[in-house]
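Residue numbers (the working numbering): 976 to 1242. All C-beta atoms in this analysis are idealised placements derived from N, C-alpha and C, irrespective of residue type, glycine included. Take a look at the structure below.
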Ligand SMILES: Nc1ncnc2c1ncn2[C@@H]1O[C@H](COP(=O)(O)OP(=O)(O)O)[C@@H](O)[C@H]1O
Ligand SMILES: [Mg+2]
């Protein structure tokens, strides 16, 4: 897998549209060689975390921890009237908004948007969140008794808070929810915020989509009663109303559709 965007970009002329570095980290980022827009955009990562055409996320060593650098260079449709869509600025803005709304998200360190050789490019870099991604956490820990109950009800409360503040994620899989265990508390953090939206209207459709993705990513080993524990905590109810039941039914129908279209969730 690649560790940096294609070499061809190195030869293009850079036009910066926006470029911001979190003041708290400016000095330290310079210390690891990250100062200019080009330093960030062309930085060779340590490990490729995810690569799809036109986007690459890598980890970068930063003192004694990892930081995560996402680069975008996907061509946008030439018919798009509003110009290119820069995912990095969306992720930067979403991170700030969620942080203000007290949802645990990564600390944003820098972002930049612009053009290289006329092509739209952007980057976004964030500090590592605590813990491990939820799907790996459940694969590697056999949760028993009260710990298991706490996990599912606390995850339900976390999802409830996120949705009740008006957000939907659009990639709401367990791999994007990190878990850090502290005593009998599971502290959750949400990552990959480039598709997050805040909306006042037409919420239900988006909530069904998010919950469908989350249930789809639950391991098969999760019992029906833990799923209900999650859902009751999500609804903040001891007993489900008929509208709660209807919502759950729509979510489960969505999960079935996802399974028949994509197969089982891949760990
Ligand atoms: N701030 C972060 N803390 C910990 N891990 C992260 C962080 N940002 C990204 N990652 C890791 O990198 C992977 C890819 O990042 P993500 O934001 O999901 O990019 P993509 O949009 O390409 O899926 C994540 O699934 C996660 O494993
Ligand atoms: Mg992702």
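Check: residue i C-beta below 7 Å from any heavy atom of ligand 1
i: residue 1028; result: no
i: residue 1230; result: no
i: residue 1182; result: no
i: residue 1188; result: no
i: residue 980; result: no
i: residue 1065; result: no
i: residue 1083; result: no
i: residue 1171; result: no
i: residue 985; result: no
Near ligand 2: residue i beta-carbon under 7 Å from a heavy atom
i: residue 1014; result: no
i: residue 1076; result: no
Nearest candidate by alpha-carbon position, reference residue i, set the options
i: residue 1192; options: 1112, 1056, 1179; result: 1112
i: residue 1050; options: 1070, 1089, 1024, 1034; result: 1089
i: residue 1197; options: 1118, 1158, 1187, 1154; result: 1118
i: residue 1083; options: 995, 1204, 1202, 1240; result: 995
i: residue 1211; options: 1028, 993, 1175, 1128; result: 1128
For residue j and residue i, the rounded distance between their alpha carbons
i: residue 1099; j: residue 997; result: 11 Å
i: residue 1105; j: residue 1079; result: 10 Å
i: residue 1232; j: residue 986; result: 45 Å
i: residue 981; j: residue 1225; result: 43 Å
i: residue 1139; j: residue 1131; result: 12 Å
i: residue 1121; j: residue 1039; result: 34 Å
i: residue 1061; j: residue 1173; result: 17 Å
i: residue 1203; j: residue 1221; result: 14 Å
i: residue 1135; j: residue 984; result: 43 Å
i: residue 1019; j: residue 1097; result: 15 Å
i: residue 1046; j: residue 1223; result: 37 Å
Residues that DSSP places opposite residue i in a beta bridge
i: residue 1108; result: 1153
i: residue 1083; result: 1101
*Anything with a beta carbon under 7 Å from a heavy atom of ligand 3 counts; list them all in chain order.*
Absence of ligand 3 from the depicted structure is noted, with ligand 1 and ligand 2 being the only ligands included.
*Please specify which runs of the alpha helix (DSSP H), each continuous and at least 4 residues long, are wholly inside the segment 1000-1068, giving them in chain order.*
1001-1006, 1012-1017
*alpha helix (DSSP H) runs wholly inside the segment 1107-1186, at least 4 long, in chain order*: 1109-1115, 1120-1139
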